[in-house]
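The next block holds one structure in the form of structure tokens; read it before the comments.
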Amino acid sequence: MGAMTTNDTNPGGGRRGNAVEVRGLVKQYGGPQGTRALDGVDLDVREGTVLGVLGPNGAGKTTLVRILSTLVQPDAGTAMVAGYDVLRQPRQLRRRIGLTGQYASVDEKLSGRENLYMIGRLLDLSRSDARRRADELLERFSLTEAAKKAAMHYSGGMRRRLDLAASMIGRPSVLYLDEPTTGLDPRTRNEVWDEVRQMVAEGATVLLTTQYMEEAEQLAQELAVIDRGRVIARGGVDELKAKVGGRTLQVRPADPADLPAMARAVAESGLDGPAGARTVPDEGLLYVPILSDGQLTSVIGLLAERGLPVAHIATHLPSLDEVFLAITGQKTSSTDLSDTTPEELAA
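What follows is the structure, encoded as structure tokens:
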């Protein structure tokens with residue numbers, strides 16, 4: 012869905028420095044006994060950054076995006092986006108935002124150029140400005156050669172690029188990307204990532220929902236994990252990794268034959284912590300869970316005292332997939348939603 016901004020610069024309020032401020036958002040489907048898709052969400056997105064919103068299917072990510080883009084009204088709570096109140100100033104807000112949903116929403120019977128031109132006109136661009144902006148974006152997204160083709164003849168990656176271009180027609184200050192690369196091949200996914208980085212470099216703020224951990228690590232400065240309608244964790248990538256798993260010290264002995272002796276020394280000293288150290292002979296490495304800098308220094312000192320020379324030493328944080336599993340108890344996935352009902356999809 013393409014949307015929405017012109018050079019309107021008359022914001023209605025909001026704290027400086029945050030492009031998005033959410034407080035206590037609640038949304039329930041199916042009446043009093045139904046499903047609570049959002050259960051008191053608080054969220055801030057700093058201007059000019061990417062906030063990655065992670066969560067399993069049904070966590071509430073899409074409902075949050077729909078509320079912030081004025082497509083759905085919350086049952087409780089407040090939200091300010093680009094200085095506008097989502098509930099009280101929806102018309103003004105729609106000129107400041109863009110949205111790319113999970114599925115391309117272009118008109119399949121229109122050509123790529125016609126789709127972009129139509130959206131430009133709907134945003135009150137003049138005919139000449141709408142044509143110029145459409146041509147700029149067709150070139151930017153490598154769609155110029157296919158500009159005259161009907162969108163129904165585009166590949167999945169081309170449709171996704173066209174949809175993203177449509178969301179940028181009005182130069183939005185806040186862009187919502189709801190799982191924008193689902194189903195794309197790695198090359199097209201990288202192209203979309205490059206465009207997102209370019210938009211942020213030009214001053215846009217992005218709220219990105221995704222189940223691809225690599226995507227979150229590539230694009231987001233901060234992450235929020237949502238599960239069962241609540242934000243259950245928030246912070247930078249490394250910060251979340253440190254919270255759930257700490258670091259692992261990787262030690263490679265100068266002499267592979269010293270690996271068992273290293274493991275015994277660490278275990279006997281109690282420096283391996285509750286989880287215990289482990290050796291991987293095939294890799295020639297000793298892995299020691301590290302809970303503090305002091306423990307790390309002590310392990311290194313101990314090995315030196317025992318006369319066990321080290322060829323290589325490094326620390327490793329858990330992967331973002333491991334973080335997601337630890338926080339939510341679920342593995343990341345890109346589950347096919349083709350059989351999902353509208354109510355389930357909204358959640």
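Residue numbering for the sequence shown follows the working numbering, beginning at 12 and increasing consecutively. Note that beta-carbon positions come from the ideal geometry of N, C-alpha and C, so glycine has one too.
Distance CB(MET273)-CB(LEU230) smaller than 8 Å
Start at 1 with the first residue of the sequence shown, and residue 273 comes out as number 262. Start at 1 with the first residue of the sequence shown, and residue 230 comes out as number 219. No, they are not a contact pair.
Cβ neighbours of ASP196 in the same chain (closer than 8 Å, five flanking residues each side left out):
Reading the sequence shown from its first residue, position 185 is the one you call residue 196. Cβ contact annotation for ASP196 (same chain, cutoff 8 Å, sequence separation greater than five): GLY168, in chain order.
Candidates ALA176, PRO271, ARG198, ASP269: closest to TYR128 by CA position:
Residue mapping note: residue 128 aligns to position 117 of the sequence shown, counting from 1. Closest option to TYR128, Cα to Cα, is ALA176.
Beta-carbon spacing of VAL83, THR89 below 8 Å
Walking along the sequence shown from the start, residue 83 turns up at place 72. Walking along the sequence shown from the start, residue 89 turns up at place 78. For the pair VAL83 and THR89, the CB atoms are not nearer than the 8 Å cut-off.
To test your reading of the DSSP string, which unbroken alpha helix (DSSP H) runs of 4 or more residues are found completely within the stretch 59-102?
Within the stretch 59-102, the complete alpha helix (DSSP H) runs of at least 4 residues fall at 72-79.
CB ASP283 to CB VAL299, shorter than 8 Å?
Along the sequence shown, read from residue 1 onward, the residue named residue 283 stands at position 272. Along the sequence shown, read from residue 1 onward, the residue named residue 299 stands at position 288. Yes.
Specify whether the stretch 64-79 and the stretch 95-115 touch according to this definition: at least 3 beta carbon pairs, one from each stretch, less than 8 Å apart.
Yes, the stretch 64-79 touches the stretch 95-115.
Using a Cβ-Cβ cut-off of 7 Å (strictly less than) and excluding sequence neighbours within five positions of GLY295, which residues of its own chain qualify?
Stepping through the sequence shown from its first residue, residue 295 is reached at position 284. If you ignore the 5 residues before and after GLY295, its C-beta comes within less than 7 Å of the C-beta of ARG263, PRO267, LEU270, all in its own chain and listed in chain order.
Going by beta carbon distance, what residues of the same chain come within less than 7 Å of LEU251, once the five residues before and after it are set aside?
Reading the sequence shown from its first residue, position 240 is the one you call residue 251. Correct list, in chain order: LEU234, ALA244, VAL334.
Out of ARG99, LEU134, THR290, VAL61, state which residue places its alpha-carbon closest to the alpha-carbon of LEU260.
Along the sequence shown, one-based indexing puts residue 260 at 249. Closest option to LEU260, Cα to Cα, is THR290.
ASP189, DSSP secondary structure in three states:
The residue you call residue 189 lines up with position 178 of the sequence shown. In the displayed model, ASP189 falls within a strand according to three-state DSSP.
Are the beta-carbon atoms belonging to SER166 and LEU110 less than 8 Å from one another?
The residue labelled residue 166 in the question sits at position 155 within the sequence shown. The residue labelled residue 110 in the question sits at position 99 within the sequence shown. Not closer than 8 Å, so no.
Which of helix, strand or coil does DSSP assign to GLN232?
Locating residue 232 in the sequence shown gives position 221, where the first residue counts as 1. Residue state, collapsed to three classes: coil.
For THR111, write down the residues that DSSP places opposite it in a beta bridge.
As a position in the sequence shown, residue 111 is number 100, starting the count at 1. Bridge partners of THR111: LEU188.
Assigned secondary structure, GLY41 (DSSP; H/G/I helix, E/B strand, else coil):
Start at 1 with the first residue of the sequence shown, and residue 41 comes out as number 30. Of the three classes helix, strand and coil, the one that applies to GLY41 here is coil, per DSSP.
Would you be able to state if there are at least three C-beta pairs under 8 Å between the stretch 212-232 and the stretch 36-52?
No, they do not touch.
Buried versus exposed, by CB contacts within 10 Å (16 or more), GLU202
By 1-based counting over the sequence shown, the position of residue 202 is 191. Residue environment: GLU202 is assigned as buried (16 or more neighbouring CB atoms within 10 Å of its CB, all protein chains considered).
Check whether VAL242 and LEU62 have beta carbons under 8 Å apart
Taking the first residue of the sequence shown as 1, we reach residue 242 at position 231. Taking the first residue of the sequence shown as 1, we reach residue 62 at position 51. No, Cβ-Cβ distance for VAL242 and LEU62 is not below 8 Å.
May I ask you to check if the CB of GLU190 is nearer than 7 Å to at least one heavy atom of the ligand NAD?
Because no ligand of any kind appears in the structure shown, any question about the ligand NAD cannot be addressed here.
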